[in-house]
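In the numbering used here, the protein residues as written are 13 to 673.
Right, dumping it as C-alpha cells:
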C-alpha cells in the first residue's frame with residue numbers, strides 16, 4: 013500500500029471532523045507524528061500507547077475510528093480487536109504493520125480492517141487520504157443503512173395498512189346519482205361485486221331497514237346544505253349477514269356547488285362487536301354482583317321457611333292437613349333454594365356439583381317453567397322417556413342448557429304461531445353412529461329441542477357457539493346463550509349438534525353420557541338426622557330469627573346450645589372457657605368480624621375445636637378455602653335439619669376419634 017491515489021474515490025470532500033481518530037501506537041514519537049498529520053488535514057485525534065488504554069477510551073467514546081499498530085506492549089493489535097468485539101464494540105479500524113508483516117496484515121483484514129498501512133517515511137503523508145476515504149465509506153454506509161431501515165419501516169407500514177384497512181373508496185355523480193367509481197374491496201366487505209353498485213338506490217337498499225330512512229334523509233340534508241358528513245349504519249351483506257359501516261363523505265364542489273360525493277365506507281363490525289362484548293361483560297359483572305347479594309338475602313329468608321316447616325313437620329301428626337301443609341311449605345323452600353343455585357350458576361358464582369342426575373326430572377321442571385313464561389300461541393310439545401338412565405351432571409347446569417335452548421327456539425318462532433318440540437330418550441351409539449363425532453361408543457341420554465322457525469343461515473352456522481355472536485335484533489339477545497350451552501355440554505364430556513334448514517326450522521341435539529350410578533332423590537319430607545349426646549355448641553348469627561331457629565334445631569337434636577348475636581360476644585365467651593365447648597357453628601357474613609375471621613381467632617386459642625361455617629352466599633370462602641383454614645364443614649343456607657345433623661355429628665365424632673387415637 014505504498015502508493016495511493018490522493019483523490020477521494022468519489023471526488024468529494026468529506027467533513028474530517030465527522031469522526032474521531034484514536035491512534036494506538038506504543039512509539040510515542042510516531043504516535044504524535046500520526047496525530048499531527050491527521051490534525052493538519054482537519055481530523056480530531058487522540059492517542060493511546062497500549063491496548064488497555066485504547067479499550068478504556070473506546071468505552072468512553074464508542075464512535076472512535078482506530079489506527080492500530082499490530083505490536084503493542086500489552087497485547088497484539090489482533091488481540092485488541094477481538095477483545096473489543098467480545099465487549100460488544102464494532103469499531104472501524106486501519107492497521108499498521110512493519111516491513112515484512114504482510115501475513116499479519118492479511119490476518120487483520122480478515123478481522124475486519126478497512127485498510128492496512130506499512131510503516132515508512134511516507135506514512136504520515138498518506139494517512140489523511142486513507143482516513144478521508146474511510147470516513148466517506150462510513151458515511152455512505154450510514155446513509156445506506158438509514159435508507160434501508162426507512163424502506164423496511166415504510167414497507168411494514170404499507171403492508172400493515174393494506175392488510176388491516178377495511179375501507180371502500182367511492183365517488184357518486186350528483187347529477188345522475190350514479191357511482192362513477194367504487195373500489196374492489198366492495199366485494200370482500202359486502203359480498204356484492206363493484207359492477208352492480210350502480211346508483212344511490214342500490215346503496216340505500218343495502219342499508220338495514222331500521223336504519224334506512226334515517227340514513228337517506230341525513231345524507232340528502234347534509235349534501236343540500238353543503239356539508240361534509242359522517243354517519244354509521246348497519247348494512248346487509250349479499251348473504252344476509254349484518255355488518256356495521258362508518259360512511260365518511262366529502263363534497264366535491266364546482267363554482268361553489270356540490271357536483272359529486274367522494275367518500276370511504278369503513279367496515280367497523282369488529283369494533284362494534286368489541287363494544288358489545290365490553291357492554292355485555294360489564295352487564296354480566298353487574299348481574300354477578302347483584303345475584304350474589306340476592307342469593308345471600310334470599311337464602312336468609314328461605315332458611316326460617318325451610319327450618320320452621322321442618323319443626324312443624326316433626327310436631328304435627330302425620331296425615332293431618334296441617335302436616336301436609338307443612339310438607340308443601342318445605343317443598344316450596346327447597347324449590348326456592350334450587351332457584352338461588354340457578355341464579356348463581358348463571359352468574360358463574362357457584363361451584364358445580366357433578367352427580368348422577370335424572371335429566372328427565374330436570375327437563376320436566378324446565379317445561380313447567382317455560383310453559384308459564386312463553387305465550388300461549390306458541391305450541392310446546394314433549395316426548396320424554398321417563399325411565400332414562402342417569403347422567404353424570406350438574407342438575408343446575410342441565411337446567412340452564414334446557415332453558416337456553418328452549419328460549420332460543422322461542423325467539424326463532426315468536427313472529428308466528430310457532431311450534432317447539434322437546435324430546436328425551438336413552439340411546440346406544442356405535443362406531444357407525446359416531447363417524448363425525450368425538451364421542452366414544454356407549455350409552456347416552458339424547459335431548460333434542462326443535463322448532464319450525466326461520467332456521468339458521470349457512471354463513472352463520474359456524475359462529476353460533478361463539479361468545480356474543482347473535483343474529484337477533486338489538487336488545488333481544490346477549491349472544492351468550494348458545495356459547496354457555498356449548499361450554500356446559502363440553503364440560504360434561506357430551507356433544508351438541510345442529511340441524512337447520514332456512515325458513516323451515518332448527519333442531520339442537522345434545523348427548524350426555526350415562527353414569528350408571530344410583531341417584532339420591534331429593535325428599536319431599538325432611539329426613540331424621542343423627543342425634544347429639546349433650547355436647548356443648550357455640551352458635552353465632554347476627555340474624556335473630558335464624559339464631560333462634562338453629563338453636564331449636566340443635567337442641568331438638570340433643571345438643572346444649574349457647575347462642576350469640578355477634579362474633580365479639582362469642583369470642584369473649586370462648587376465651588373465658590375454651591375447653592367448655594365441643595363445637596362452634598357460626599354464620600359467615602356478619603358485621604365487624606366475619607365467620608372465617610372468628611374461626612381463625614378461635615383456632616388460635618384452641619386448635620382442635622371443630623368449627624362449621626354456615627353461609628347464604630360468600631365470595632370470601634368455599635369448601636377448599638374452609639378446609640385450608642381448618643374449618644370442618646361448610647353449610648349452605650337454607651340448611652336442612654338432616655344435613656346440619658350429619659355435619660355436626662361427623663365433626664364431633666372425627667374430633668373425638670383424633671383425641672382418643
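Ideal Cβ positions, reconstructed from N, Cα and C, are used throughout, including at glycine.
Select from the options the residue whose C-alpha is nearest the C-alpha of residue i.
i           : options               : result
residue 656 : 277, 565, 636 and 263 : 565
residue 591 : 608, 600 and 614      : 614
residue 37  : 82, 312 and 50        : 82
residue 478 : 649, 222 and 285      : 285
residue 53  : 189, 39, 31 and 73    : 31
residue 412 : 497, 116, 179 and 368 : 497
residue 252 : 514, 347 and 282      : 514
residue 269 : 187, 220 and 245      : 187
residue 259 : 244, 552 and 103      : 244
residue 582 : 417, 567, 602 and 569 : 602
residue 246 : 237, 225 and 219      : 219
residue 612 : 638, 223, 265 and 628 : 638
residue 652 : 254, 325 and 390      : 325
residue 593 : 667, 627 and 647      : 667
residue 455 : 403, 129 and 559      : 403
residue 145 : 159, 127, 157 and 155 : 127
Quick check on residue i: does DSSP put it in helix, strand or coil?
i           : result
residue 575 : strand
residue 671 : helix
residue 241 : strand
residue 643 : coil
residue 598 : strand
residue 442 : coil
residue 505 : coil
residue 32  : strand
residue 147 : helix
residue 246 : strand
residue 395 : strand
residue 312 : helix
residue 337 : helix
residue 548 : strand
residue 75  : coil
residue 590 : helix
residue 525 : strand
residue 666 : helix
residue 125 : coil
residue 343 : helix
residue 553 : coil
residue 209 : coil
residue 674 : Only positions 13 to 673 of the chain appear in this structure, which leaves residue 674 out of reach.
residue 633 : coil
Taking Cβ positions, are residue i and residue j nearer each other than 8 Å?
i           : j           : result
residue 336 : residue 329 : no
residue 107 : residue 125 : yes
residue 523 : residue 503 : no
residue 183 : residue 298 : no
residue 42  : residue 76  : no
residue 373 : residue 342 : no
residue 123 : residue 93  : yes
residue 476 : residue 422 : no
residue 230 : residue 650 : no
residue 568 : residue 548 : no
residue 74  : residue 101 : yes
residue 587 : residue 570 : no
residue 39  : residue 63  : no
residue 414 : residue 473 : no
residue 441 : residue 450 : no
Between residue i and residue j, how many whole angstroms is the CB-CB distance? I'm expecting something under 8 Å.
i           : j           : result
residue 574 : residue 556 : The Cβ separation is near 15 Å, so there is no contact.
residue 405 : residue 371 : 7 Å
residue 279 : residue 201 : 5 Å
residue 610 : residue 579 : 4 Å
residue 633 : residue 608 : 5 Å
residue 463 : residue 431 : 7 Å
residue 319 : residue 561 : 4 Å
residue 264 : residue 249 : That belief does not hold up - the Cβ atoms of residue 264 and residue 249 are roughly 28 Å apart, past 8 Å.
Verify the CB distance criterion: does residue i have a CB-CB separation below 8 Å to chain D?
i           : result
residue 274 : Among the chains of the structure shown, chain D does not appear; only one protein chain is present.
**Report entry** At least 3 beta-carbon pairs within less than 8 Å: the stretch 465 to 473 vs the stretch 376 to 387
**Finding:** The answer is no - the stretch 376 to 387 does not touch the stretch 465 to 473, with fewer than three Cβ pairs under 8 Å.
Query raised in the report: Are the stretch 41 to 50 and the stretch 132 to 142 touching, with three or more C-beta to C-beta distances below 8 Å?
Result: Of all C-beta pairs linking the stretch 41 to 50 to the stretch 132 to 142, three or more are shorter than 8 Å, placing the two stretches in contact.
Requested in this report: Could you tell me whether the stretch 208 to 220 touches the stretch 305 to 313, where touching means 3 or more Cβ pairs closer than 8 Å?
Outcome: Contact fails: fewer than three Cβ-Cβ distances are below 8 Å.
Requested in this report: Decide yes or no for the touch test of the stretch 648 to 667 against the stretch 595 to 608: beta carbon pairs closer than 8 Å, at least 3 of them.
Outcome: Yes, since at least three Cβ pairs between the stretch 648 to 667 and the stretch 595 to 608 fall closer than 8 Å, the two stretches touch.
Query raised in the report: Are three or more beta carbon pairs between the stretch 387 to 403 and the stretch 432 to 448 nearer than 8 Å?
Result: A contact is defined here as three or more CB-CB pairs under 8 Å, and the stretch 387 to 403 meets this definition with respect to the stretch 432 to 448.
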